[in-house]
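Protein chains: 2
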Amino acid sequence: MGTAERKEREREQKKELILDAAETLILQKGLDQLNMDEVAEQAEVSKGSLYLYFNNKTDLVLGICNKASKMLSEQISSVLTQDITGLEMVYKMGENYLNFVRSHPEYFRSMRFFDNLIDAEQLGESEYPSMCQNNMDTAFTSMVRAIQIGMQDGSINNSYNAKELAVMLWSTSHGMVNLAFLHQNSPHFELLEKNSIDVNSLFQEYLRLIGCGIATNAESIDDFKSKIETDSR
Amino acid sequence: MGTAERKEREREQKKELILDAAETLILQKGLDQLNMDEVAEQAEVSKGSLYLYFNNKTDLVLGICNKASKMLSEQISSVLTQDITGLEMVYKMGENYLNFVRSHPEYFRSMRFFDNLIDAEQLGESEYPSMCQNNMDTAFTSMVRAIQIGMQDGSINNSYNAKELAVMLWSTSHGMVNLAFLHQNSPHFELLEKNSIDVNSLFQEYLRLIGCGIATNAESIDDFKSKIETDSR
DNA sequence: TTCAAAAAATGACTTTAAGTCAAAAAATTA
DNA sequence: TAATTTTTTGACTTAAAGTCATTTTTTGAA
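Protein chains in written order, with UniProt numbering: chain A, 1 to 233; chain B, 1 to 233.
Written as structure tokens, this is what we have:
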């Protein structure tokens, strides 16, 4: 009869509706100011309904984090299908990460929230943490794959362990991207202005720094640099 | 008469007492679970008294962050007085940062809290944010200084802009150190275990990666590597 | 179409934890 | 030593998360 299937679909749509409402509010006023009564109002449902679709406020924010990490993971993984060297893939992945954070600050906020939760709190019965984790694992695996491709095609120095290198690039780019986020979204954060540093050139320099570290040799570095310059135009 | 001075000193001691109590609780149960009633109990004062010494809960946590950032800043700046090359200073600063986070997870938690606040919330009348900011500025300036020393003594490639390089090293090491923090303090974080990666060797590799990127030439890199190996014994 | 049973939605209510303040206790000083 | 000022207290207020008895809507067999 298909009633159950339709119900399930409608349920998912309603969850999506609520998540959209919450995202709008987070974008407007930040995650700290997110209030369940307002989410209910924005989503045009009662407060009680929120709790039919999400266990609690944390669960709801993790629902957003799930969407966020899925989107990021897809954008990172998509690089693997391009016809470029492994080193270039690594570069593109970093660029995609930066672009993601810039265009979806509310998504990045939800991912920072998840990062804070994973330390500290017991996550209860929410199904989202493992989903978020899976999304991030997928993105990470794509990174490892790009590095392996680079070692194969000779663009990346194979004296590193691929996974170890992936973790390093992951963490360092997280640090860089976090800086870009603060610069864009926090009026109190003035480190870059005070030192008159431009985010774009900073990120280019980061890639250059990393590039010099992981590339096989001078030729592949030069090759890499010219690629970067071409891309940034 | 000196009564006013004594009162002021006693007031500072009481603030310290309350901060210590809060630190103990954060270490035990995490920042999310921090509860003002429990802080009052732990500090052996009434709840009302907490609000005589701190504007609100946020202010109290920022008080901890002030201590934390001061300690970190001192540890980083102390490297400047050592008789080593600029490149080695940069390395030592990174190492000090890592050690700080490992031995004071509750302090690092308070600094993450500050990081989240600076985006999002209006910080009210608290005097701490600017103090924390100053502490971090001091640490950052020490980093710039180390890089300038390295450019002078020939250990660091001077094709970079010193401040830009400092921001990069700051951000990337923040990312690395954050990873080490999660690994140590979050039972849910399994990225390193799953890929059987050791934090110490990862950090060594990070320094090697960065070292290769910023060092002047092969000789200084080799020199640097042998220094690192000596130190890790 | 009708209506009883099931499912979904509601909002007034409960709970929890931050934050307040009038009254009490302690310290100061004349 | 007693009036005055300063400090402390904990019961109270408030804000926001979370609950649940009741109402509304949907379903599907007669």
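Cβ atoms here follow ideal geometry from the backbone N, Cα and C, with glycine treated the same way.
Residue i versus chain A: which residues are under 8 Å apart at the beta carbon?
i, result
"Tyr91 of chain B", "Correct list: empty, because the minimum Cβ distance to chain A is about 14 Å."
"Arg112 of chain B", "Asn116"
Please list the partners that residue i has in chain A, where partner means a Cβ-to-Cβ separation under 7 Å.
i, result
"Glu44 of chain B", "Those do not exist, as Glu44 of chain B stays about 26 Å from chain A at its closest Cβ, beyond 7 Å."
"His174 of chain B", "Gly175"
"Leu19 of chain B", "Simply none; closest approach about 19 Å."
"Tyr107 of chain B", "Simply none; closest approach about 14 Å."
Closest to residue i by C-alpha separation, out of the options, would be which residue?
i, options, result
"Leu191 of chain B", "A:Ser196, A:Ile118, A:Asn185, A:Gly30", "A:Ile118"
"Arg112 of chain B", "B:Gln152, B:Tyr53, B:Leu179, B:Ala4", "B:Leu179"
"Ile149 of chain B", "B:Ala215, B:His183, B:Lys7", "B:Ala215"
"Asp153 of chain B", "B:Gln28, B:Val79, B:Ile84, B:Tyr53", "B:Ile84"
"Tyr91 of chain B", "B:Met143, B:Met36, B:Leu182", "B:Met143"
"Arg102 of chain A", "A:Lys14, A:Phe181, A:Leu209", "A:Phe181"
"Glu205 of chain A", "B:Ser186, B:Asn185, B:Ser201, B:Met168", "B:Met168"
"Asn185 of chain A", "A:Gln28, A:Asn195, A:Gln82", "A:Gln28"
"His188 of chain B", "A:Val45, A:Asn116, A:Asn55", "A:Asn116"
"Lys194 of chain B", "A:Ile197, A:Ser155, A:Gln133", "A:Gln133"
"Arg145 of chain A", "A:Leu80, A:Leu207, A:Glu88", "A:Leu80"
"Met151 of chain B", "B:Trp170, B:Leu202, B:Met89", "B:Met89"
"Glu12 of chain A", "A:Trp170, A:Phe54, A:Gly48, A:Glu23", "A:Phe54"
Going by DSSP, what residue range makes up the alpha helix (DSSP H) through residue i?
i, result
"Ile18 of chain A", "3–29"
"Thr141 of chain B", "128–153"
"Thr58 of chain A", "57–77"
"Leu80 of chain A", "Here Leu80 of chain A belongs to no alpha helix (DSSP H), and DSSP marks it neither H nor E."
"His174 of chain B", "162–185"
"Glu106 of chain A", "105–118"
"Asn200 of chain A", "199–214"
"Leu192 of chain B", "191–194"
"Gln42 of chain B", "36–43"
"Ser49 of chain A", "47–53"
Quick one: list the residues of chain B neighbouring residue i, beta-carbon separation under 7 Å, in chain order.
i, result
"Ile197 of chain A", "Lys163, Glu164, Val167"
"Cys212 of chain A", "Cys212, Gly213"
Less than 9 Å separating the beta-carbons of residue i and residue j?
i, j, result
"Thr172 of chain A", "Met176 of chain B", "yes"
"Asp32 of chain B", "Tyr128 of chain B", "no"
"Ile26 of chain A", "Ser110 of chain A", "yes"
"Gly86 of chain B", "Ile18 of chain B", "no"
"residue 255 of chain B", "His183 of chain B", "Any property of residue 255 of chain B remains undetermined from this structure, which presents chain B solely from 1 to 233."
"Lys52 of chain B", "Val39 of chain B", "For the record, residue 52 of chain B in the displayed sequence is Leu; it is not Lys. Going by C-beta atoms, Leu52 of chain B is not nearer than 9 Å to Val39 of chain B."
"Gln42 of chain B", "Ala21 of chain B", "yes"
"Lys14 of chain B", "Met36 of chain B", "no"
"Gly30 of chain B", "Leu209 of chain A", "no"
"Phe100 of chain B", "Met131 of chain B", "no"
Note down, in chain order, every chain A residue with its Cβ under 9 Å from the Cβ of residue i.
i, result
"residue 238 of chain B", "Coverage of chain B is limited to positions 1 through 233, which leaves residue 238 of chain B absent and any answer about it impossible."
"Tyr128 of chain B", "Near Tyr128 of chain B there are no residues of chain A at all, since even the closest Cβ is about 12 Å away, more than 9 Å."
"Leu202 of chain B", "Glu164, Val167, Met168, Ser171"
So with CB distances below 8 Å, who are the chain B contacts of residue i?
i, result
"Glu41 of chain A", "Residues of chain B passing the Cβ test: none, with the nearest at roughly 21 Å."
What in chain B is Cβ-close to residue i, meaning under 9 Å?
i, result
"Glu74 of chain A", "Per Cβ cutoff of 9 Å: no residues; Glu74 of chain A is ~20 Å from chain B at best."
"Tyr206 of chain A", "Met168, Ser171, Thr172"
Exercise for the section: Inspect the CB distances between the segment 59–68 of chain A and the segment 92–110 of chain A and report whether three or more fall short of 8 Å. Expected result: yes
Handout entry: contact_flag[the segment 91–99 of chain B, the segment 154–166 of chain B] where n(CB pairs < 8 Å) is 3 or more
Key = no
Problem - Cβ pair count under 8 Å reaching 3, the segment 75–88 of chain A against the segment 129–143 of chain B - result: no
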